[in-house]
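Colleague:
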Amino acid sequence: MLPDHPLVLHGGCNCRAIRYKVQVPARPERPLNPFSDGQVPFPMVATDHCNDCRRATGSILPTWICVPTSMMSCQLQPVSPTDHEAAVPPDSSPWIPAVELFKPGPNEDSYHLKFYQSSSAITRTFCGRCGTNLTYFIGHGMGEGFPEIFDVVLGTLDREDLEQEWMAPDRHCWWSCGIKWVQELSNGGKVLPVHPSFKVNELVG
192 MLPDHPLVLH
202 GGCNCRAIRY
212 KVQVPARPER
222 PLNPFSDGQV
232 PFPMVATDHC
242 NDCRRATGSI
252 LPTWICVPTS
262 MMSCQLQPVS
272 PTDHEAAVPP
282 DSSPWIPAVE
292 LFKPGPNEDS
302 YHLKFYQSSS
312 AITRTFCGRC
322 GTNLTYFIGH
332 GMGEGFPEIF
342 DVVLGTLDRE
352 DLEQEWMAPD
362 RHCWWSCGIK
372 WVQELSNGGK
382 VLPVHPSFKV
392 NELVG
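The numbering used here puts the sequence shown at residues 192 to 396.
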């Protein structure tokens with residue numbers, strides 16, 4: 192679970208055409224998950240065993256950080272006719288509230304941020320240049336008392352944030368949809384050989 196003090200998380204796509212930050216306030220100021228009896232604040236980190244997200248992300252076990260939209264902002268690199276190489280948005284680029292950009296709109300052709308409507312209510316975003324999956328958003332919301340949320344693919348966070356022990360997932364969601372061997376691996380029920388690189392003749396430990 193995230194620490195109680197305020198913090199800022201950074202992330203983005205693989206080619207860095209899309210950068211985002213999540214400004215997390217102190218715990219007393221964070222909205223609570225209404226299905227948690229007041230015990231689980233947002234942002235919340237969880238693995239996702241549902242079929243749709245597994246296929247849409249291409250990951251056998253998608254993992255998300257569920258972020259209130261008001262906490263997230265982003266920098267976008269404009270599309271250029273000669274845009275074939277990775278580039279970093281300049282530090283002077285404005286940070287724009289993600290809620291203004293991470294939904295389909297009239298300016299979407301101007302940036303590498305692209306949209307996929309996986310259902311009438313669900314919008315997924317990805318980078319049109321490098322292909323990185325970024326967010327999941329339900330247009331009609333999750334129900335009464337739920338803040339508007341972007342589910343952000345956890346693996347898009349910068350490594351220095353991911354390395355923090357408190358960034359580990361808090362819980363498994365959609366367990367009833369899970370694949371048995373994935374559940375066993377993710378919940379410590381099966382142990383695999385561990386290799387330091389791609390060389391399977393070398394073992395850790």
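For glycine and all other residues, C-beta sits at the position ideal for the given N, C-alpha and C. Just so we're clear, the structure is a prediction, and the values are computed from it rather than from any experiment.
Compute the distance between the beta-carbons of Ile251 and Val382, then report whether it is under 8 angstroms.
Modeller: Counted from its first residue, the sequence shown places residue 251 at position 60. Counted from its first residue, the sequence shown places residue 382 at position 191. No; because the gap between Cβ atoms is not below 8 angstroms, this pair is not in contact.
Colleague: Is DSSP giving Thr323 helix, strand or coil here?
Modeller: Taking the sequence shown and counting its residues from 1, the one referred to as residue 323 is at position 132. Note: Thr323 maps to coil in three-state DSSP.
Colleague: Does the distance from the C-beta atom of Lys305 to that of Phe317 stay below 8 angstroms?
Modeller: Translated into positions along the sequence shown, residue 305 becomes position 114. Translated into positions along the sequence shown, residue 317 becomes position 126. At the C-beta level, Lys305 and Phe317 come within 8 angstroms of one another.
Colleague: What three-state label does DSSP hand Gly203 in the structure shown?
Modeller: The sequence position of residue 203 within the sequence shown is 12, counting from 1. Of the three classes helix, strand and coil, the one that applies to Gly203 here is strand, per DSSP.
Colleague: Measure the CB-CB distance between Thr254 and Asp239 and report whether it falls below 8 angstroms.
Modeller: Residue mapping note: residue 254 aligns to position 63 of the sequence shown, counting from 1. Residue mapping note: residue 239 aligns to position 48 of the sequence shown, counting from 1. Contact flag set, yes.
Colleague: Flag this pair as touching only if the stretch 224-235 and the stretch 256-263 have three or more C-beta atom pairs under 8 angstroms; answer yes or no.
Modeller: yes
Colleague: If you compare alpha carbons, which of Gln266, Val270 and Pro297 is closest to Trp286?
Modeller: Along the sequence shown, one-based indexing puts residue 286 at 95. With distances taken between Cα atoms, Trp286 lies closest to Gln266.
Colleague: Just to confirm, are Gly296 and Thr314 a CB contact at a threshold of 8 angstroms?
Modeller: By one-based count along the sequence shown, residue 296 stands at place 105. By one-based count along the sequence shown, residue 314 stands at place 123. No, the Cβ-Cβ distance between Gly296 and Thr314 is not below 8 angstroms.
Colleague: Measure the C-alpha to C-alpha separation of Glu299 and Leu376 and round it to an integer number of angstroms.
Modeller: Residue mapping note: residue 299 aligns to position 108 of the sequence shown, counting from 1. Residue mapping note: residue 376 aligns to position 185 of the sequence shown, counting from 1. Glu299 and Leu376 have their C-alpha atoms some 39 angstroms from each other.
Colleague: Out of Cys241, Pro219, Cys368 and Cys321, state which residue places its alpha-carbon closest to the alpha-carbon of Gln268.
Modeller: The residue given as residue 268 occupies position 77 in the sequence shown. Residue Cys321 is the option with its Cα nearest to Gln268.
Colleague: What separation, rounded to the nearest whole angstrom, lies between the Cα atoms of Thr248 and Asn324?
Modeller: Within the sequence shown, the letter at position 57 stands for residue 248. Within the sequence shown, the letter at position 133 stands for residue 324. CA-to-CA, the gap between Thr248 and Asn324 works out to about 6 angstroms.
Colleague: For Gln214, name the three-state secondary structure that DSSP assigns.
Modeller: As a first step, residue 214 is located in the sequence shown; it is residue number 23 there, counting from the start. Residue state, collapsed to three classes: strand.
Colleague: Please report how far the alpha carbon of Cys241 lies from the alpha carbon of Ala208, in whole angstroms.
Modeller: As a first step, residue 241 must be located in the sequence shown, where it is residue number 50. As a first step, residue 208 must be located in the sequence shown, where it is residue number 17. If you take the alpha carbons of Cys241 and Ala208, they lie about 29 angstroms apart.
Colleague: Identify the continuous alpha helix (DSSP H) that holds Val290 and give its terminal residues.
Modeller: Your numbering for residue 290 matches position 99 in the sequence shown. The continuous alpha helix (DSSP H) containing Val290 extends over residues Ala289 to Leu292.
Colleague: Tell me where the beta strand (DSSP E) around Cys318 begins and ends.
Modeller: As a position in the sequence shown, residue 318 is number 127, starting the count at 1. From DSSP, the beta strand (DSSP E) with Cys318 extends over Ile313 to Cys318.
Colleague: Provide the residue(s) that pair with Ser261 in DSSP beta bridges, ordered along the chain.
Modeller: Sequence index remark: in the sequence shown, residue 261 carries index 70 (1-based). Answer is none; Ser261 lacks a bridge partner.
Colleague: Quick one: what's got a C-beta closer than 6 angstroms to Ile370's C-beta in the same chain, skipping five residues either side?
Modeller: Within the sequence shown, residue 370 is the residue found at index 179, counting from 1. Cβ neighbours of Ile370 beyond the five flanking positions: none.
Colleague: At what residue ranges does the stretch 334-375 contain a whole run of the beta strand (DSSP E), taking only runs of 3 or more?
Modeller: 340-344 and 362-364
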